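Residue numbers for the sequence shown follow the working numbering, beginning at 150 and rising by one.
Positions of the beta carbon are idealized from the N, C-alpha and C atoms, including for glycine.
Only a predicted model underlies this, so the values are computations on that prediction, with no experimental measurement involved.
Report on one structure; see the data block that follows.
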Amino acid sequence: MTGAAAMAGTGPVILGVLNTTPDSFSDGGDYLDAERATARARELTAAGAHVIDVGGESTRPGATAVPRAEELARVLPVIRAIAAAGAAVSIDTIHAETAEAAVAAGARFINDVSGGLHDPEMLTVAARASAEHDSRYIIGHWRGIPDPEHVRSNYGDVVREVRDALAARALAAIAAGVAPSHIVIDPGLGFDKTGEQCWEILRRLGELQELGYPVLIGASRKRMLGDALATVPGAGSGPLDRDGATAVVSALASRAGAWGVRVHDVAGTAAAIAIERAWAGPDRGDRITLTGLEVFAHHGVFDFEREQGQRFLIDAEVSVSLRAAAAGDDLSNTVHYGELADAIVAAVAADPVDLIETVAERVAELALGYPGVSRARVTVHKPDAPIAHPFADVAVTVERERSEA
Ligand code: PMM
Numbered sequence: 150m151t152g153a154a155a156m157a158g159t160g161p162v163i164l165g166v167l168n169t170t171p172d173s174f175s176d177g178g179d180y181l182d183a184e185r186a187t188a189r190a191r192e193l194t195a196a197g198a199h200v201i202d203v204g205g206e207s208t209r210p211g212a213t214a215v216p217r218a219e220e221l222a223r224v225l226p227v228i229r230a231i232a233a234a235g236a237a238v239s240i241d242t243i244h245a246e247t248a249e250a251a252v253a254a255g256a257r258f259i260n261d262v263s264g265g266l267h268d269p270e271m272l273t274v275a276a277r278a279s280a281e282h283d284s285r286y287i288i289g290h291w292r293g294i295p296d297p298e299h300v301r302s303n304y305g306d307v308v309r310e311v312r313d314a315l316a317a318r319a320l321a322a323i324a325a326g327v328a329p330s331h332i333v334i335d336p337g338l339g340f341d342k343t344g345e346q347c348w349e350i351l352r353r354l355g356e357l358q359e360l361g362y363p364v365l366i367g368a369s370r371k372r373m374l375g376d377a378l379a380t381v382p383g384a385g386s387g388p389l390d391r392d393g394a395t396a397v398v399s400a401l402a403s404r405a406g407a408w409g410v411r412v413h414d415v416a417g418t419a420a421a422i423a424i425e426r427a428w429a430g431p432d433r434g435d436r437i438t439l440t441g442l443e444v445f446a447h448h449g450v451f452d453f454e455r456e457q458g459q460r461f462l463i464d465a466e467v468s469v470s471l472r473a474a475a476a477g478d479d480l481s482n483t484v485h486y487g488e489l490a491d492a493i494v495a496a497v498a499a500d501p502v503d504l505i506e507t508v509a510e511r512v513a514e515l516a517l518g519y520p521g522v523s524r525a526r527v528t529v530h531k532p533d534a535p536i537a538h539p540f541a542d543v544a545v546t547v548e549r550e551r552s553e554a
């Protein structure tokens with residue numbers, strides 16, 4: 150994982166797509182020949198790819214299944230050659246046999262868009278690869294072989310359902326023996342999801358990140374981008390016309406904290422990420438976190454809650470550059486957490502309202518009022534809420550940015 154590890158702290162891991170298939174939707178047939186595929190891998194690395202994602206069977210809706218021998222014959226010579234040259238290699242497959250052979254040939258990521266649902270042996274192979282080779286297992290969200298008509302895109306809340314399904318697959322992988330630190334999750338954009346559902350997932354990426362696993366985004370050249378570009382005069386309508394849009398998604402995914410992006414046009418994505426990071430500045434990860442702040446207050450929809458009051462616990466995370474404070478060891482250059490705690494307690498204790506949503510919003514607004522704070526993430530817990538069943542906690546979280554920060 151040399152390339153990917155070197156990348157830590159400087160932006161998302163870029164997986165460069167190398168499809169050795171005749172029928173992938175955007176680059177089908179270009180890299181069938183092992184020598185050309187290997188040369189292409191070198192180009193991808195030179196352009197900024199940290200991992201080369203080699204696929205030998207298209208998962209595009211409507212694609213024809215490939216016999217295992219054929220898939221292996223396509224990917225193994227390429228994997229051997231590029232792994233020997235020092236590249237970090239991923240195998241894009243839903244088949245355990247292919248994954249196992251690819252790992253033996255040097256792949257250190259198994260990119261399984263089915264998350265182990267297609268092949269019952271896959272989790273065992275991923276577990277062995279995790280234990281013996283430190284390989285990562287990328288779990289895609291999947292409802293079956295993708296169909297072009299999106300007949301299985303009947304979600305209630307697509308983000309929750311995708312998140313819950315990924316959480317379940319991650320637990321299954323861990324139960325099979327994959328190290329939790331080797332798991333990456335991927336919402337499977339375009340796999341049984343409409344364009345609007347894909348955008349909703351990206352808009353609410355934080356909810357997937359709450360699972361605690363690194364998140365990979367694969368939007369490159371997909372139809373969702375074509376749909377979004379439909380009203381742009383001169384944008385073009387084919388997959389190859391979507392590289393600019395893909396680069397924008399990569400920059401936004403970087404901003405949203407994605408672990409990685411899987412793209413065809415690596416150079417465009419590397420440039421977009423560099424610009425996003427220049428804009429965000431070197432202190433982008435700095436933050437102050439205050440958790441479990443206890444406040445007694447009278448919020449709630451029931452009269453007895455208003456009269457008797459109860460405990461609320463507040464977690465607040467504020468993004469603020471800490472560089473100047475650290476350089477000068479100077480409290481006036483940072484947010485004084487004692488003052489922030491006092492202000493939060495006063496704001497939460499005042500003016501009873503019905504909803505903890507309102508309380509969270511109030512605290513976020515207050516935190517954004519501190520000099521230099523660009524983002525506030527606030528969770529309000531109501532551990533003694535009137536719920537007629539035993540429960541551990543109920544909480545809401547809001548995340549707000551200061552628009553001019
Ligand atoms: N999409 C495709 C193939 N493999 N892997 C991951 N992890 N995530 C994806 O979204 C994904 C993938 C389909 O696109 P392609 O035909 O360009 O490879």
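- Assigned with DSSP and collapsed to three states, R352 falls in helix.
- Distances taken from the Cβ of G305 to the heavy atoms of the ligand PMM include none shorter than 7 Å.
- In this structure, the CA atom of I201 is about 14 Å from the CA atom of G367.
- For secondary structure counted as the beta strand (DSSP E) over 3 or more consecutive residues, the stretch 193 to 263 holds these complete runs in sequence order: 200 to 204, 237 to 241 and 258 to 261.
- Checking the DSSP bridge columns, you'll see R526 partnered with E466 and E548.
- One thing to note: A198 has its Cβ no nearer than 8 Å to the Cβ of I240.
- Comparing alpha carbon positions, the residue from L315, S302, V484 and L357 closest to E345 is S302.
- Here E443 is bridged, per DSSP, to L462.
- Residue ranges of uninterrupted beta strand (DSSP E) with 3 or more members, entirely inside the stretch 270 to 298 and ordered along the chain, are 285 to 289.
- Annotation for V512: the continuous alpha helix (DSSP H) segment containing it runs I505 to L517.
- In the three-state reduction of the DSSP assignment, L374 falls in the helix class, which pools H, G and I.
- Less than 8 Å divides the Cβ of V444 from the Cβ of I463.
- Where D452 is concerned, there is no enclosing beta strand (DSSP E), although the alpha helix (DSSP H) around it starts and stops at D452 to Q457.
- For R433, the shortest C-beta to heavy atom distance toward the ligand PMM is 7 Å or greater.
- Using a C-beta cut-off of 8 Å, the stretch 532 to 540 makes no contact with the stretch 469 to 485, since fewer than three inter-stretch Cβ pairs fall below that distance.
- For L320, the enclosing alpha helix (DSSP H) covers residues V307 to A325.
- Secondary structure note for G477: its alpha helix (DSSP H) is the uninterrupted segment R472 to G477.
- Straight-line measurement puts the Cα of I287 at about 43 Å from the Cα of A492.
- Closest by C-alpha distance to R257, out of R549, P269 and A233, is A233.
- Apart from the 5 residues on each side of it in sequence, V327 sits with its Cβ closer than 6 Å to the Cβ of A275, A276, S279 and Y286 in its chain, given in chain order.
- Relative to the Cα of L360, the nearest Cα in the group G434, D335, S207 and E548 belongs to D335.
- Between the ligand PMM and R318, a heavy atom-to-CB distance of less than 7 Å is absent.
- Assigned with DSSP and collapsed to three states, V300 falls in coil, not helix or strand.
- Within its own chain, the residues whose Cβ lies closer than 8 Å to the Cβ of G430, once the five positions on either side in sequence are excluded, are S470, listed in chain order.
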